[in-house]
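Reviewing the structure listed below.
Protein chains: 2
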Amino acid sequence: MQYLKIKDAIVEQIEDGMLTARQKLPAERKLAEAFDTTRVTLREALSMLEAEGRVYREDRRGWFVSPEPMSYDPTQTLNFTNMALAQQRQPRTELLAAKQVLASKHAAKKLELPPFSDIYRVDRVRYLEERPVLYVTNFIRAELFPDLLKRDCSRNSLTDIYREHYGVEYQRIRYRITTSSLQGEIAQALRATAGTPAMVVERINYSQTGELIDCDIEYWRHDAITIDSIAELSA
Amino acid sequence: MQYLKIKDAIVEQIEDGMLTARQKLPAERKLAEAFDTTRVTLREALSMLEAEGRVYREDRRGWFVSPEPMSYDPTQTLNFTNMALAQQRQPRTELLAAKQVLASKHAAKKLELPPFSDIYRVDRVRYLEERPVLYVTNFIRAELFPDLLKRDCSRNSLTDIYREHYGVEYQRIRYRITTSSLQGEIAQALRATAGTPAMVVERINYSQTGELIDCDIEYWRHDAITIDSIAELSA
DNA sequence: GAGTGGTCTAGACCACTGC
DNA sequence: CAGTGGTCTAGACCACTCG
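Residue numbers (the numbering used here), protein chains in the order written: chain A, 1 to 235; chain B, 236 to 470.
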C-alpha cells in the first residue's frame, strides 16, 4: 500500500507549510520518481487526496493544493459575492449567457410550468481568488419579470434586481444537495477534468406571496465549499 | 476516450433495466474483455460511475448498481429508522459501541467542554436493505443524562430516550455538510474500499432551553443520500 | 481452491500548456 | 518547442471472498 505513504508524505508537506494553498505540485513524472514509483500509482494517491479535498486538478495544468473551503449557507439569500466578502475571500463572477429560452422538460418541471414555456436562463461561473469554483444555471419564470434581461445581469445580483425593480424577495427556499461529478462544458468552465468530484446544490425559491420565482442549479468544485447552516425546530 | 464509451454502455444497461439496483456487475476481467480493453481503463470508467453515484463498490467483493438514494432532512429530528420507513425503505441499525469516555480534544471542542470531560460516545452502523450506508458517532454531554447507558441504546433511538426519560428535546440544530472519503475502520464498517467518496454531516444539537446536548458525526456512502430541506426566511 | 478485486510495474502516444 | 497531463496497454503478484 505504497499510495498511502505517498498520500501521507504529501499531506505532511501541506501541513508543514512546504506546500501552500493554490500552489502547484511538481510534475507527475517528477513526483513519481521522487517516491520511486510509477505515474499510475502516484495518480492513485493524488486522486485520493482529491477525493478528500486536499488537492485539486486543473485540466492539463497539473495538481494544486486546495485552499480553505468557503462556508455556504443555502438558507440565506446572501448572494455569492457578499458571502465571499464576508469571509475575506475575493469573489468574481463571469456571465456566460443570459437569454430567454423555451423551458426544457427538466426546467419546466422544476419551475412547475408546462413544457416550452418562456423562461430566462442565466449561466455564470464564479471565482474565488481567480479560481473557478462554481457553475450556476438559473431558470427564471419570465412572466414575473418582464424585460429582466434589459437590466444589467452581469453587474448586479439577480436577487438585487428582483427586489429593487420588481419588489420580489425570497421567502422560502427548498434545497437539495447531492454529490456527483463534473462533466463536459461545466467541467471545462471550471477548468476541471471530467469526473472531478462535485457538490450539486439545487434550490427552488419562493417569494413572499408563496409564488415560485426561480430555480438554481449550482455545481461546486467539492473542495471549495462546506455547507453550514442552522435550523430552528418548531415545537 | 474509450472510458466514456464504457461508462455510457454501463449506464445504458442500468437504465434499460438489464442491471437493477444492488445487482453485482460481472467481474472486472470479464468486463474488460467484453469492452476489449484492460482492467486499468475499465476501472477508470467504473470509478467515474462511482463518483456519479451510479455504482458502488464493496471492498474485494465487486461493483454493484446503486439503488435510489434516500432523502434526508437534517433539520428534522425524525430519526434514521422513521425516515427510512417513511420512504418505504428497510432500515436496520447495529450498535458498535456505547461507552463513557474522556472527551478527546476534538470532541471537547464540539461539545464546548474542557478537555477530558466525561462524555458518552456511541458508534453505530446503519443499513438500508442490508447495505451499510451510514457510520454515525454520537458524542453526548454526560452530565445531562445520568445513567444513559443503562437504557437500552441498541433498541431505542437516542432522541426517544432523551425525551422520554430526561424530558429533553432538540430545538435547534447546527449542521455542516462536507464531502470527503472513507478511510480505515469507517470504510471497513461500511464494507467500502478506502477512498470511497463520502458525504459527511456534522450536527450539533441544542435543547429547548438552548443548552448544547450532543453532537453527531455521520459518514454516508455518498450515493446513498440526498439532502433535502426547506428553509423559511424571516423578513 | 478457483477466481476476484487491490495494487503495482514499465512502458507508450497524443494533444495541449506555457515558455 | 519542450514538457506536461490524459489516456491506454499488457502484463504481474497477493490477499481475500466464496462456493
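Every residue gets a Cβ at the ideal spot worked out from N, C-alpha and C, and that includes glycine. Keep in mind the model is a prediction, meaning the values are calculated, not measured.
Query: Cα-Cα separation, B/Q418 to B/A433; Result: 10 Å
Query: Bounding residues of the beta strand (DSSP E) (the contiguous stretch that carries B/Q237); Result: Premise fails: B/Q237 lies in the alpha helix (DSSP H), Q237 to E250, not in any beta strand (DSSP E).
Query: Any 3 or more C-beta pairs closer than 8 Å across the stretch 130 to 143 of chain A and the stretch 210 to 225 of chain A; Result: yes
Query: Cβ pair A/D216, A/T93 closer than 9 Å; Result: no
Query: Environment of A/R61 [buried if 16+ CB atoms lie within 10 Å]; Result: exposed
Query: Beta-bridge partners of A/F139, as assigned by DSSP; Result: A/R121 and A/C215
Query: Chain-ordered neighbours of B/I462 on chain A, where CB pairs are closer than 7 Å; Result: R176 and I177
Query: Simplified DSSP state of A/E129, which is helix, strand or coil; Result: coil
Query: Selection from A/S66, A/T77 and A/I119 that minimises the alpha carbon distance to A/E143; Result: A/I119
Query: Reference A/D123, options A/F145, A/R163 and A/S157, closest by Cα; Result: A/S157
Query: Beta-carbon proximity list for A/A51, same chain, < 7 Å, skipping 5 on both sides; Result: P197
Query: The stretch 201 to 216 of chain A / the stretch 151 to 171 of chain A touching (three or more Cβ pairs under 8 Å); Result: yes
Query: Proximity of B/A466 and A/T159 at Cβ, strictly below 9 Å; Result: no
Query: Proximity of B/E263 and B/R426 at Cβ, strictly below 9 Å; Result: no
Query: Under 9 Å (Cβ pairs) to chain B, residues found in the stretch 4 to 25 of chain A; Result: L4
Query: Sequence-distant residues of its chain with Cβ nearer than 8 Å to B/L331 (five each side left out); Result: D358, R359, V360 and A424
Query: Chain B contacts made by the stretch 160 to 175 of chain A, where a contact means CB separation under 7 Å; Result: Y170, Q171, R172, I173, R174 and Y175
Query: Integer-rounded CB distance, given that B/P350 should sit under 8 Å from B/A338; Result: 6 Å
Query: Same chain, Cβ closer than 7 Å to A/T193, five either side skipped, listed in chain order; Result: R57, D59 and A187
Query: Residue-level contact to chain A via CB, B/P367, 9 Å cutoff; Result: no
Query: Proximal residues of chain B, C-beta to C-beta of A/S181 below 7 Å; Result: M283, A286 and E287
Query: Selection of the stretch 185 to 210 of chain A by Cβ proximity to chain B, strictly under 7 Å; Result: G195, P197 and M199
Query: With 16 other Cβ atoms within 10 Å as the buried cut-off, status of B/P304; Result: buried
Query: Proximity test, Cβ basis, 9 Å: B/D458 and chain A; Result: yes
Query: Residue environment, B/T414, which counts as buried when at least 16 other CB atoms sit within 10 Å; Result: buried
Query: Cβ neighbours of B/R289 in the same chain (closer than 7 Å, five flanking residues each side left out); Result: V246, I249 and S301
Query: Proximity test, Cβ basis, 9 Å: A/E112 and chain B; Result: no
Query: As assigned by DSSP and simplified to three states, the class of A/Q100; Result: strand
Query: Which of helix, strand or coil DSSP assigns to B/L369; Result: strand
Query: Buried or exposed (CB count within 10 angstroms, at least 16 for buried), B/R376; Result: buried
Query: Segment limits, beta strand (DSSP E) that includes A/A32; Result: Where A/A32 is concerned, there is no enclosing beta strand (DSSP E), although the alpha helix (DSSP H) it sits in stretches over E28 to A34.
Query: B/L363 to B/F315 span [Cα, whole Å]; Result: 10 Å
Query: Interface residues of the stretch 312 to 325 of chain B facing chain A [CB-CB below 8 Å]; Result: T312
Query: Residues bridged to A/E202 [DSSP beta-bridge criterion]; Result: A/R176 and A/I217
Query: Below-9 Å beta-carbon distance, B/E268 vs any chain A residue; Result: no
Query: Chain A residues whose Cβ lies nearer than 7 Å to that of B/L230; Result: In this structure chain B extends from 236 to 470, so residue 230 of chain B is not present and cannot be described.
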